[in-house]
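Visitor: Encoded as structure tokens, here's the structure I'll be asking about.
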Amino acid sequence: MTTASIHIDGNAYSVTAGQSLLRACLSLGFNVPYFCWHPALESVGACRQCAVKLYRDEKDTRGRIAMSCMTPVTDGMIVSIEDPDVRKFRARNIEWLMLNHPHDCPVCDEGGECHLQDMTVMTGHTYRRTRFRKRTYRNQDLGPFVNHEMNRCIQCYRCVRFYRDYAHGRDLDVFGIHDSVYFGRHEDGVLQNIFAGNLVEICPTGVFTDKTGKRHFVRKWDLQTAPSVCVHCGLGCNIIPGERGGELRRIRNRFNGSVNGYFLCDRGRYGYEFVNSPSRVRQPLRRDGRGEHHKPLRSEEARALFADILSRKGRVVGVGSPRASLEANFALRALVGPEHFFAGMADTELALIQRQIDIMKIGPVPAIPLGKVATCDAVLVLGEDVTNTAPILALNILQACRNAPMARADALHIPRWEDRAAREAAQQVKGPFFLITAHDTWLDESAELVFKGTPDDIARLGFVVAHFLDEDCPSVAGMDGDRTDIARTIARSLGQARDPLIISGPGTGSGYVIDAAANIAWALRKNNRNARLSFTVPECNSLGLAFMASQAVDSALAAVERGAADTLVILENDLFRRTDKDRIIACLNACKHVVLLDHLMHGTASLADLVLPVGTFAETTGTLVSSEGRAQRFFQVYAPQGDIRPSWQWMRDAMTVRGTLRGASWRYLDDIIAAIAGEFPELQPVIDSAPPGAFRIKGLKVPRETHRVSGRTSIHADTTVHEPKPPDDPDSPFAFSMEGYGGKPPSSLIPRFWAPRWNSVQALNKFQSEVGSDLVGGDPGCMVIEPNTGEEPVYRQSIPEVLAPSGSLVPVPLYHIFGSEELSMFSSSVAGRAPCPYVALNPRDASRLGLSNGDEVEIAGRWRGPVVLRAGLPEGIVGVPSGLPGTGAGITGGRVDVTKVTS
Amino acid sequence: MLSEDERMEILKELEGAEDAPSIAMEALRIVQGRRGYISDETLCDIAAFLNMTPHELDSLATFYSFIFRKPVGRHVIYVCDGVTCWVMGHESIFEHLKQRLGINWGETTEDGSFTLLPVSCIGACDHAPAIMIDSTLYGDLSKEKIDEILKEHR
Ligand code: SF4
Ligand code: SF4
Ligand code: FES
Chain Y
1 MTTASIHIDG NAYSVTAGQS LLRACLSLGF NVPYFCWHPA LESVGACRQC
51 AVKLYRDEKD TRGRIAMSCM TPVTDGMIVS IEDPDVRKFR ARNIEWLMLN
101 HPHDCPVCDE GGECHLQDMT VMTGHTYRRT RFRKRTYRNQ DLGPFVNHEM
151 NRCIQCYRCV RFYRDYAHGR DLDVFGIHDS VYFGRHEDGV LQNIFAGNLV
201 EICPTGVFTD KTGKRHFVRK WDLQTAPSVC VHCGLGCNII PGERGGELRR
251 IRNRFNGSVN GYFLCDRGRY GYEFVNSPSR VRQPLRRDGR GEHHKPLRSE
301 EARALFADIL SRKGRVVGVG SPRASLEANF ALRALVGPEH FFAGMADTEL
351 ALIQRQIDIM KIGPVPAIPL GKVATCDAVL VLGEDVTNTA PILALNILQA
401 CRNAPMARAD ALHIPRWEDR AAREAAQQVK GPFFLITAHD TWLDESAELV
451 FKGTPDDIAR LGFVVAHFLD EDCPSVAGMD GDRTDIARTI ARSLGQARDP
501 LIISGPGTGS GYVIDAAANI AWALRKNNRN ARLSFTVPEC NSLGLAFMAS
551 QAVDSALAAV ERGAADTLVI LENDLFRRTD KDRIIACLNA CKHVVLLDHL
601 MHGTASLADL VLPVGTFAET TGTLVSSEGR AQRFFQVYAP QGDIRPSWQW
651 MRDAMTVRGT LRGASWRYLD DIIAAIAGEF PELQPVIDSA PPGAFRIKGL
701 KVPRETHRVS GRTSIHADTT VHEPKPPDDP DSPFAFSMEG YGGKPPSSLI
751 PRFWAPRWNS VQALNKFQSE VGSDLVGGDP GCMVIEPNTG EEPVYRQSIP
801 EVLAPSGSLV PVPLYHIFGS EELSMFSSSV AGRAPCPYVA LNPRDASRLG
851 LSNGDEVEIA GRWRGPVVLR AGLPEGIVGV PSGLPGTGAG ITGGRVDVTK
901 VTS
Chain R
904 MLSEDERMEI LKELEGAEDA PSIAMEALRI VQGRRGYISD ETLCDIAAFL
954 NMTPHELDSL ATFYSFIFRK PVGRHVIYVC DGVTCWVMGH ESIFEHLKQR
1004 LGINWGETTE DGSFTLLPVS CIGACDHAPA IMIDSTLYGD LSKEKIDEIL
1054 KEHR
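Each protein sequence line maps, in turn, to chains Y and R.
Going by my numbering, 816 is the number at position 816 of the first sequence; the sequence numbering is gapless.
My numbering runs 903 ahead of the 1-based position in the second sequence.
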């Protein structure tokens, strides 16, 4: 990268040459107004708002007006942002853009964080002169997530550029011409793209707003916020939840250049309403006997009862949770003792995740940060339906696929940031993206080559690819010619790439698939490719939990069955999602005491003797480890009402009553974090994932409320006229207050993006070291897996056999972004998009079995649903949706019979 | 449903084309030639045939003034509202047409003979003000000349 020296309004600056002038100006901190440009979407020059003046040389006094977003930075450039002509141009331009704008800020959900408001004020357009009628539009119903109010549009085209070009959506477009340009759908209907919610943040006006937020709307300045981490999959996207009046109001993206960048998926954005759900456990509950109803009890009684249960000399085992923090899991582990602590997932799942950890640790191929996926130039997905199990990874794969075709733009000397021209040059050419999965997926359309097969087929094909790359990898016997050709094509393409990426995960339930991915990545590394791996995990702390336990739910139940345990303490977990239903019921009944600490009423809760109400991610502070191995702290957003407390505090107090356990001495969350680091040297980085609770800036805490928050003296007026003292928070550097340090905190402590004159989300520009790159001070999070890059890995040798043909089918879980994840299904908007239980069959298998669409069938004696014919499912496979509420644990492995239910 | 003939004609356009969406305009023109306009249902049929979504195809269809998404009269009058025509009296031409036909922009006369549409520059600046009726260009217009032309088309 060469630097250029440029002059802006008489001062010299040194910037990277070749980038767009707008980006350079913004990175230097200048307030150049813009609309159509976006750091992730780059330039199209559609809005004419970013005008600056360019001068030929020192002697040129007149200059010419140019769009800074369409002008490359060159050495010696002379620029003016403040020239009176160009200022006037910008004010006039915004006046034009707003000719038909309804000026309805007071009733617009964007108001107070609107880029159009900010830019209008910034350009100085204050007086509307047009006398004519405004054109008006009919709005559309776009489904449960996104609200539509077309009259507010300024025709910047960002929405369609994000939706169509970036997220590959095909049901939002632009219609009409001239002064009647409409952004919407061909007809009303649910936006199908799973990233549609980003329109809320991409649109610089109030056309697209958060529809779920409308039900409990609060202005940005009135929200209490803290940095947090999404709990709806294993990727660990960074989020900003906002609360007011004890209700969680919305989720916004929190930029992290190494993780999610600018975008969230719709599960992450809209799953939050589980926190407000009527199914929340808000007070301790107990049952006096099996079959009795739960009765509420007071906190002190609950604490005493919990301690009493633990001190009855019972044989206690604890079941942790992949959706609870490291701290909560560690507290349970301390409570029951390490040998009695079990990971709250199926044993098979724990084994798969630990296999992934081993591969990442061995090196020499490190896990790629989610935020760097888009820089890869070839991608192979082995087995995982990433769209539904790791959505933002899918979005980033789509961007990676553009890199190879972009060579055509490079050859024409079109800068990649000139988005329209670069896309035009690359045409519809598909990049080297290969998908080997068990069924058709949304990404198929974007892939150069797709192969469908059983998990064993997938693994075998993967091993062949690895063998083509390095003869030292085991070869696979009995591969047919077609598959060998496919493998050869993939191997050749990956071998030619500079930065190939291999993606896999536990989704198929097969360890062979994971091993095959490792062999390919290692073979590529041996070929001197800068290969990277990415393994997904199912839940937000699956990886963290896998560090702490060597056994899981099935082993815990076995302990009960053996009589080695008679008391179960279950942390934030519904066991019915983990393993066989009858077995769980039998075990729970066999126990003397079952204690559950959780925030939602579910199957396991209804069978527990004591249920302790605990805080969700929004009401507690803790650390999660993402699939990449990044420890990230999420901070409590608001103080919960009533008896809700963090899980670790319930357990700490129980240990205090018993007096003997070392957890009794934990006063603050940081005490547990220190204990975790002491016990697990690998988890040492957890300490550094964010500053400790005692952290202060200039002696001050970081305020969760904005300096403009309204009504702090009147909001409680219905109950008291005195302003209550804000709750204390010794566990984090944040205060439940508008008072505190007003400047920019360290990157892991940014509670919201706001800067003077920048009220919208675009204020983010002011927090990045360069616009679009990492946050000042580095992106938050610390890696807990340090790959051992020096060592030569030993290729995985065991390859699955080809099964003899049989009439039975191989069960494969089908994941649904809306439906398969537990917590988000307590959010009504997400639940409304989920499918009902079904059984998917290839039409040929169905006809062989004498089944047709809609027939009720049963699998393995425990799964029921109507048949859905799906041509994209290969023959020999039966697809069963994973994780739908009430359907219990999925079915993987082996073979099953599908039988018709005759009622 | 597209007719067999329509399919054949579209398939012919597809020969040698890079991909189906690149001949979308041709397909719309072919079907409109036979049906007079593109209904919502027709639009969805063409989109499916070209492996496009209705949203994608409608985006194109609504951009072009010569593709009709609603029924039109036997003759379509396009009145140029480009800059030159505007300077040369576009407004009085429009007023006159409006008065003679008793319809406004986008409307069709009761007898179904004329539809009135604005169109951006039709490249006849040297003969401004100009209009097109169906595919015939009429320039250097005056009120009298318009009356004559309308008579021819009645
Ligand atoms: S809807 Fe929003 S994003 Fe789309 S063009 Fe209009 S103002 Fe821009
Ligand atoms: S991809 Fe996963 S972590 Fe990211 S927003 Fe979606 S559910 Fe949350
Ligand atoms: S931001 Fe440069 S033209 Fe829109």
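All C-beta atoms, glycine included, are put in the ideal place defined by N, C-alpha and C.
May I ask you to list, following chain order, the residues of the segment 264-296 of chain Y that have a beta carbon less than 7 angstroms from some beta carbon of chain R?
Guide: none
Visitor: How long is the line joining the alpha carbons of LEU869 (chain Y) and PRO843 (chain Y), rounded to whole angstroms?
Guide: 5 angstroms
Visitor: Below 9 angstroms on C-beta distance, what does GLN938 (chain Y) contact in chain R?
Guide: Absent from the structure is residue 938 (chain Y), since the part of chain Y shown begins at 1 and ends at 903.
Visitor: Taking LYS88 (chain Y) as the reference, give the member of Y:ASN530, Y:ALA12, Y:VAL857 and Y:VAL52 with the closest Cα.
Guide: Y:VAL52
Visitor: Identify, in the order they occur along the chain, each residue of the same chain with its Cβ nearer than 6 angstroms to the Cβ of LEU97 (chain Y), setting aside the five sequence neighbours on each side.
Guide: Same-chain partners within the cutoff: ILE154.
Visitor: Examine chain R for any beta-carbon lying closer than 8 angstroms to the beta-carbon of PHE195 (chain Y), and answer yes or no.
Guide: no
Visitor: Could you check what DSSP says for TRP522 (chain Y) in three-state terms: helix, strand or coil?
Guide: It is helical.
Visitor: If I follow the unbroken beta strand (DSSP E) through ASN147 (chain Y), where does it start and stop?
Guide: 146-148
Visitor: Can you tell me whether DSSP reads MET406 (chain Y) as helix, strand or coil?
Guide: coil
Visitor: For CYS36 (chain Y), does the three-state DSSP call read helix, strand or coil?
Guide: coil
Visitor: Buried or exposed for PHE132 (chain Y), going by 16 or more other Cβ atoms inside 10 Å?
Guide: exposed
Visitor: Nearest-angstrom Cα distance between LEU946 (chain R) and PHE145 (chain Y)?
Guide: 27 angstroms
Visitor: Helix, strand or coil for TYR1041 (chain R), going by three-state DSSP, please let me know.
Guide: TYR1041 (chain R) falls in the strand class under three-state DSSP.
Visitor: For VAL174 (chain Y), go through chain R and note every residue whose CB falls closer than 7 angstroms to its CB, in chain order.
Guide: SER962
Visitor: Go to LYS915 (chain R), then tell me how far its alpha helix (DSSP H) extends in each direction, as first and last residue.
Guide: 907-917 is the span of the alpha helix (DSSP H), which, as asked, contains LYS915 (chain R).
Visitor: On the criterion of 16 or more Cβ atoms from any shown chain inside 10 Å, does VAL560 (chain Y) qualify as buried, or is it exposed?
Guide: Counting C-beta atoms within 10 angstroms of its own C-beta, VAL560 (chain Y) has 16 or more neighbours from the protein chains shown and is therefore classed as buried.
Visitor: Please list, in chain order, all residues of the same chain as ARG252 (chain Y) whose beta carbon is under 6 angstroms from its beta carbon, the five residues on each side excluded.
Guide: ILE240
Visitor: Can you pull the DSSP bridge partners for MET70 (chain Y)?
Guide: Paired residues: none, contrary to the question.
Visitor: According to DSSP, is ASP118 (chain Y) part of a helix, a strand, or is it coil?
Guide: helix
Visitor: Which chain R residues are close to ARG185 (chain Y), counting only those with a beta carbon under 7 angstroms from its beta carbon?
Guide: Simply HIS958.
Visitor: Heavy atom of ligand 2 less than 7 angstroms from the Cβ of LEU232 (chain Y), yes or no?
Guide: Contrary to the premise, residue 232 (chain Y) reads as His rather than Leu in this sequence. Yes.
Visitor: Within 8 angstroms (strictly less), CB to CB, does THR987 (chain R) reach chain Y?
Guide: no
Visitor: Grab me the residues of ALA343 (chain Y)'s own chain with a C-beta within less than 6 angstroms of its C-beta, minus the 5 sequence neighbours each way, in chain order.
Guide: GLY320, LEU350, LEU545, ALA549 and ALA552
Visitor: Please decide whether ARG219 (chain Y) counts as near chain R, where near means a Cβ-Cβ distance under 8 angstroms.
Guide: no
Visitor: Would you mind working out which of R:LEU1053, R:GLY1005 and R:CYS983 sits nearest VAL1022 (chain R), comparing C-alpha positions?
Guide: Selected option, being the one with the closest Cα: R:CYS983.
Visitor: In three-state terms, what does DSSP make of TRP989 (chain R)?
Guide: helix
Visitor: Please tell me whether VAL839 (chain Y) and VAL857 (chain Y) are closer than 8 angstroms, where the distance is taken between their beta carbons.
Guide: In this structure, VAL839 (chain Y) sits near VAL857 (chain Y), with a CB-CB distance shorter than 8 angstroms.
Visitor: Is any heavy atom in ligand 2 found nearer than 7 angstroms to the beta carbon of GLY268 (chain Y)?
Guide: For ligand 2, at least one heavy atom lies less than 7 angstroms from the Cβ of GLY268 (chain Y).
Visitor: Hey, would you say the C-beta of VAL207 (chain Y) is under 7 angstroms away from at least one heavy atom of ligand 1?
Guide: Checking the Cβ of VAL207 (chain Y) against ligand 1 gives yes.
Visitor: By DSSP, does GLU418 (chain Y) sit in helix, in strand, or in coil?
Guide: strand
Visitor: Is ILE177 (chain Y) near ligand 1, judged by its Cβ being under 7 angstroms from some heavy atom?
Guide: no
Visitor: Identify, in the order they occur along the chain, each residue of the same chain with its Cβ nearer than 8 angstroms to the Cβ of ASP419 (chain Y), setting aside the five sequence neighbours on each side.
Guide: Same-chain partners within the cutoff: LEU41, GLU42, SER43, VAL44, ARG161 and ASP165.
Visitor: Going by DSSP, name the residue or residues bridged to GLY261 (chain Y).
Guide: Y:ASN256
Visitor: Closest by CA to ALA46 (chain Y), which one among Y:TYR668, Y:ALA66 and Y:SER80?
Guide: Residue Y:ALA66 is the option with its Cα nearest to ALA46 (chain Y).
Visitor: To which residues of the same chain is PHE208 (chain Y) closer than 6 angstroms at the C-beta, ignoring the five residues directly before and after it?
Guide: VAL146, LEU199 and VAL200
Visitor: Looking at THR437 (chain Y) and VAL381 (chain Y), is the spacing between their C-beta atoms short of 8 angstroms?
Guide: In contact: VAL381 (chain Y) and THR437 (chain Y) (Cβ atoms closer than 8 angstroms).
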